[in-house]
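Numbering (this note's numbering), first residue to last: 130 to 408. Heads up: the structure comes next, in structure tokens.
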Amino acid sequence: MKDRKSDDAFKESVARYGRLIVNHLSILVKLTGIHGSINEAMINAAARLLSDLEPLLGEEGTLSLKLVEGSFFIEDVRVKASLSDVDNFEFLAGEFKKRKIGVLAFKAPLQSDDLIYLAYSIKGGVEASEIQSLLESKLTKGISIGGPLFFEKKDSLDMSDAREVATRLYTIGLSAVKELDGSARRGKPINIRTVKRVIHAMVDNILKDETHLLGFTTLKNFENYLYNHMLNTAIFSIAIGRRISLPKNQLSSLGIAAIFHDIGKAEIPRSILSLCLYL
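Structural data, given as structure tokens:
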């Protein structure tokens with residue numbers, strides 16, 4: 130099977146049809162919120178979406194549309210929005226996030242009715258599993274729904290490059306730590322799921338090759354040292370746990386505990402924490 134990500138013809142097709150797919154699916158979902166029943170506008174929108182999908186389904190007969198950290202991908206090729214597309218892209222990304230959708234998988238043969246049922250199911254469902262059930266109730270077999278994706282291939286990310294993967298993972302980890310600290314300072318609930326996903330990904334990475342993530346712990350960033358410190362403590366803890374042969378689930382628990390070890394600093398004003406003097 131041909132690697133679509135390295136297939137120049139496929140990438141050109143994504144550049145041509147990808148943004149149309151996102152735009153037309155977004156429009157179709159919007160129309161379901163306006164019209165309670167199928168009408169000509171919806172039929173036309175579904176026909177346009179189908180005509181966009183068919184060239185990309187191609188010989189493979191399958192195609193996946195993914196949302197990864199706010200960006201759309203067809204297979205593993207990023208779909209880039211123009212200025213005129215931004216509203217539709219943001220609307221559809223918002224609908225996916227609200228319903229915890231990470232993947233739409235299409236399989237030939239597809240009909241326009243399947244796409245209309247998909248749009249109604251997205252608008253009417255609470256989360257991915259319920260939307261899948263709604264589709265199945267309509268006997269729609271050419272579309273399946275998957276949950277949110279946290280860490281996937283990017284159009285510039287080579288998953289075989291251990292350093293590049295570790296770089297991306299460390300960046301995601303810093304973002305999660307900043308969100309954690311911000312929530313604690315505002316007295317809002319902490320999104321423990323995000324923290325768990327970061328730690329689980331780090332455990333997987335360290336079990337494969339700890340070299341690169343450990344390398345990032347030597348970086349000095351005095352402006353955001355607290356965030357780096359929390360993340361670095363988690364990395365060191367997981368690495369030490371690995372050295373003493375802790376099982377994977379315990380490594381995850383250790384990493385989560387480590388990342389929260391300094392959470393009490395959220396009670397201390399930043400003006401004090403950022404002093405360049407001894408406390």
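For each residue, glycine too, the CB sits at the ideal point set by N, CA and C. None of the values given here were measured: they were computed from a predicted structure.
Chain-order list of residues whose beta-carbon lies under 6 angstroms from that of residue i (same chain, five-residue window excluded)
i, result
"residue 346", "361, 364"
"residue 263", "250, 254"
"residue 232", "193, 195, 275"
"residue 391", "359"
"residue 114", "Because residue 114 is not part of the residues shown, which for the chain are 130 to 408, the question remains open."
"residue 307", "356"
"residue 236", "191, 271"
"residue 177", "153"
"residue 372", "none"
"residue 161", "248, 249, 252"
Exposed unless 16 or more other CB atoms sit within 10 angstroms - verdict on residue i
i, result
"residue 274", "buried"
"residue 386", "exposed"
"residue 239", "buried"
"residue 155", "buried"
"residue 163", "exposed"
"residue 348", "exposed"
"residue 305", "buried"
Assigned secondary structure, residue i (DSSP; H/G/I helix, E/B strand, else coil)
i, result
"residue 312", "helix"
"residue 271", "coil"
"residue 234", "strand"
"residue 200", "strand"
"residue 239", "coil"
"residue 195", "strand"
"residue 208", "coil"
"residue 394", "helix"
"residue 375", "coil"
"residue 147", "helix"
"residue 319", "coil"
"residue 136", "coil"
"residue 389", "coil"
"residue 265", "helix"
"residue 172", "helix"
"residue 167", "coil"
Proximity winner among the options, relative to residue i (alpha-carbon distances)
i, options, result
"residue 256", "276, 242, 265, 386", "276"
"residue 153", "245, 260, 339", "245"
"residue 378", "339, 333, 354, 355", "333"
"residue 314", "398, 238, 208", "398"
"residue 242", "226, 201, 175", "175"
"residue 294", "167, 222, 335, 206", "335"
"residue 258", "229, 236, 182, 239", "229"
"residue 151", "136, 181, 167, 168", "181"
"residue 319", "296, 309, 375, 327", "309"
"residue 393", "328, 316, 222", "316"
Beta-carbon contacts of residue i that lie in its chain and below 8 angstroms, excluding the five residues immediately before and after
i, result
"residue 331", "298, 302, 342, 363, 364, 367, 384"
"residue 159", "220"
Proximal residues to residue i (C-beta, below 7 angstroms), its chain only, five neighbours per side dropped
i, result
"residue 140", "206"
"residue 224", "158, 251"
"residue 149", "181"
beta-carbon residue i near the ligand ATP non-hydrogen atom, thresh 7 angstroms
i, result
"residue 299", "The ligand ATP is not part of the structure shown, which contains no ligands of any sort."
Subject >> Runs of alpha helix (DSSP H) lying entirely within the region 326-357, each at least 4 residues, in chain order >> reply: 340-345
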